[in-house]
Structure formats: structure tokens, C-alpha cells
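To start, the structure under review is shown below, and the notes come after it.
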Amino acid sequence: MVFAPISALIGGLIGGYFVAPTFLFIHKKILGKKLLYGIQDRPQPQTFKKIMRGYYPALLAVNVNSIILFSAPWILDLILNKELMEMGGLVYTTIYVPGFLVLLMFTIGLGTLVFSPTWFLTDAGIVYSNEKRVAGTDQPVEGRTVGGRFTDFLRGYAGIGVVFSYIQFLSVYISEQAIPPNPIDVIIFLVFFLGIPIFLLIAVIPSLILLDITREHRIRFARNFAEKMGITDFVEISFEKVNRR
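If you want it as C-alpha cells, here you go:
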């Protein structure tokens with residue numbers, strides 16, 4: 195409970211200051227052929243409304259946890275006295291669950307490390323448009339943030355992946371019971387695991403607050419790197435109705 199917020203904070207800082215430039219480089223140099231880039235300057239909101247940013251890093255942490263446990267079960271031997279627990283007649287829920295919780299302290303840091311670059315780029319207002327790419331075609335003109343494109347991909351992976359993780363945990367839980375578990379036990383098991391993302395979301399809040407406090411510094415950092423890549427123009431993106439009559 196103490197280390198998880200620290201892990202999330204470290205991951206958020208490392209991801210933002212070291213990985214955000216990589217994300218921008220990939221977008222502009224690899225994905226951004228014939229795209230127009232610019233900087234949209236938006237006023238800072240007076241109230242803090244970014245707590246839900248921590249939800250998808252939490253889901254990603256759960257997903258990575260299940261991948262580690264089921265693809266490398268030897269890791270349990272490093273963090274738990276598994277043999278002693280098995281000698282006591284303990285099964286899946288009392289062996290894997292403690293290991294799952296211990297690993298969360300590290301994977302939540304990985305979750306914020308992956309998502310924080312998108313927050314840096316979004317807060318810096320780095321945007322792009324496909325106007326040049328679709329010129330001469332019937333494709334619509336789009337304008338969006340660079341961070342938003344990566345966010346959509348990462349959210350999709352985290353959301354779908356966590357569903358499969360829960361299904362995998364539940365199937366193994368049921369299969370390793372000496373007798374079929376009763377519905378109440380299954381419900382308790384599901385409530386416990388469904389509550390984990392909420393705990394992780396709370397653990398991410400301190401890092402979100404610190405990133406909000408350092409918003410101006412983060413924006414300067416991201417824009418300075420964007421400038422080195424030739425992104426210097428300030429732009430405005432609008433959505434206006436057109437009278438076709």
C-alpha cells in the first residue's frame with residue numbers, strides 16, 4: 195500500500211521525461227508522413243479533473259500481472275514461500291493472490307510509465323492534421339492530438355487484456371478447487387479482483403497530482419523537444435457548421 199504509489203510516481207516521471215520524446219519521434223518520423231504538426235495552446239483548468247487518467251494504467255497493471263504469473267510461474271518462488279504454503283494444503287487463491295498483490299507494486303509503475311508519455315504530449319498541446327495527406331481524395335480532414343492517438347491504442351489493449359486476465363484467473367481458480375466452488379465463493383473472488391483496479395487508481399492519484407503541479411515544466415519540456423523536430427507553429431483546430439443551402 196505504501197510502495198504502489200511510489201512505484202506509480204517513479205513510472206510516471208520516467209515515462210514522461212524519457213519515453214514521451216520517443217513517442218513523438220515515432221509518430222512524426224514513422225507514422226507521420228505527409229501530416230501537418232502544430233501546437234495548440236489551451237488554458238490550464240482551475241480545477242483538477244484528471245483522476246480518471248489512472249484507470250487505464252491500473253487495468254494495464256492487472257493485465258501485465260496475469261501475463262507474468264501464467265507465463266513465468268517461477269517468479270512466485272522468488273516472492274513467496276510456495277512450498278510451505280502448499281504443505282499447508284493451500285491452493286490457488288492463497289498462493290497466487292499474494293503473489294499477484296506483490297507484483298502489483300511493480301506493474302503499476304509500468305502502467306504509468308507507458309501512459310504518462312501520452313499525458314505529456316497531450317498537455318503540451320502537440321497536434322497534427324491529415325489535411326495534406328488527404329488532399330485530392332474524398333477522405334475527411336482530421337485533426338487530433340499526438341498523445342491521443344497513442345492513448346486510444348493503449349486503452350484498447352488494457353481494456354481487452356484485463357477481460358481475458360479475469361477469465362483466466364477465474365478458470366484456473368475453479369479448476370484447482372478440490373470440490374466445485376459454490377457461487378458465493380466465486381462472487382467473493384470476483385469482487386476482490388474487480389476491486390483491485392480501484393485500489394490501483396487510488397495509488398496513482400499522488401503521481402497525477404504531482405504531474406499536475408509540474409504541468410508548466412512538463413509542457414516546456416515536451417515543446418522544446420517538439421521544436422527540435424521542427425514543430426514550432428501554434429495552430430487552432432475548430433469545428434464549425436457550414437450552411438449548404
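Sequential numbering from 195 applies to the sequence shown in our numbering.
Each residue gets a CB set at the ideal place from its N, CA and C atoms; glycine is no exception.
Here the structure is a predicted model, which is why all the values come from computation and not from measurement.
Check                                                                                                                                                                : Outcome
Would you say the region 351-364 touches the region 243-262, given that touching needs at least three Cβ pairs under 8 Å?                                            : yes
For a quick check, are the C-beta atoms of Tyr290 and Leu307 less than 8 Å apart?                                                                                    : no
Taking C-alpha atoms, which residue in Asn376, Ile382, Lys223 and Glu336 lies nearest to Lys422?                                                                     : Lys223
Distance, Cα to Cα, Leu405 vs Tyr211?                                                                                                                                : 11 Å
Tell whether a beta-carbon distance below 8 Å holds between Ile320 and Ile425.                                                                                       : yes
Report the residue ranges of all alpha helix (DSSP H) runs contained in full by the region 351-431; include only those spanning at least 4 residues, in chain order. : 377-407 and 409-422
In three-state DSSP terms, what is Gly226?                                                                                                                           : coil
Quick check on Val291: does DSSP put it in helix, strand or coil?                                                                                                    : helix
Here's a check: name, in chain order, each residue in its chain whose Cβ is nearer than 7 Å to the Cβ of Leu402, leaving out the five neighbours to either side.     : Lys244, Ile245, Arg247 and Gly248
Grouping DSSP H, G and I as helix and E and B as strand, with all else coil, what is Arg236?                                                                         : coil
If I measure Cβ to Cβ from Val335 and keep anything under 7 Å in the same chain, skipping five residues before and after, which residues do I get?                   : Ser323, Asn324, Glu325 and Val328
When the Cα atoms are used, what is the spatial distance from Lys227 to Ser265?                                                                                      : 38 Å
Where does Arg343 sit, in a helix, a strand or coil, going by DSSP?                                                                                                  : helix
In whole angstroms, give me the CA-to-CA distance for Ala252 and Ile208.                                                                                             : 17 Å
Are the beta-carbon atoms of Gln234 and Glu410 separated by less than 8 Å?                                                                                           : no
Using 8 Å for Cβ pairs, my map puts Gln232 next to Asp427. What's the rounded Cβ distance?                                                                           : Here residue 232 turns out to be Gly, not Gln, going by the sequence shown. The Cβ separation is near 5 Å, so the contact holds.
Mapping DSSP to helix, strand and coil, what is Arg338?                                                                                                              : strand
Less than 8 Å between C-beta atoms, sequence neighbours within five positions excluded: which residues of the same chain meet that for Arg236?                       : Gly319
Do you know whose CA, among Ile407, Leu315, Gly389 and Phe217, lies nearest Gln240's CA?                                                                             : Ile407
Please report the straight-line C-alpha distance between Val436 and Thr331, rounded to a whole angstrom.                                                             : 20 Å
Ordered along the chain, which non-local residues of its own chain (more than five positions away) have a Cβ less than 8 Å from that of Val296?                      : Ile273 and Leu274
Among Phe217, Met195 and Phe358, which residue has its Cα nearest to the Cα of Phe314?                                                                               : Phe217
Here's a check: name, in chain order, each residue in its chain whose Cβ is nearer than 8 Å to the Cβ of Leu229, leaving out the five neighbours to either side.     : Lys222, Tyr322, Ser323, Asn324, Lys326 and Arg327
Does the beta-carbon of Val385 have 16 or more other beta-carbons within 10 angstroms, so that it is buried, or is it exposed?                                       : exposed
Here's the rule I'm using: 16 or more other beta-carbon atoms within 10 Å means buried, otherwise exposed. How should Phe309 be labelled?                            : buried
Give me whichever residues DSSP pairs with Tyr231 in a beta bridge.                                                                                                  : Tyr322
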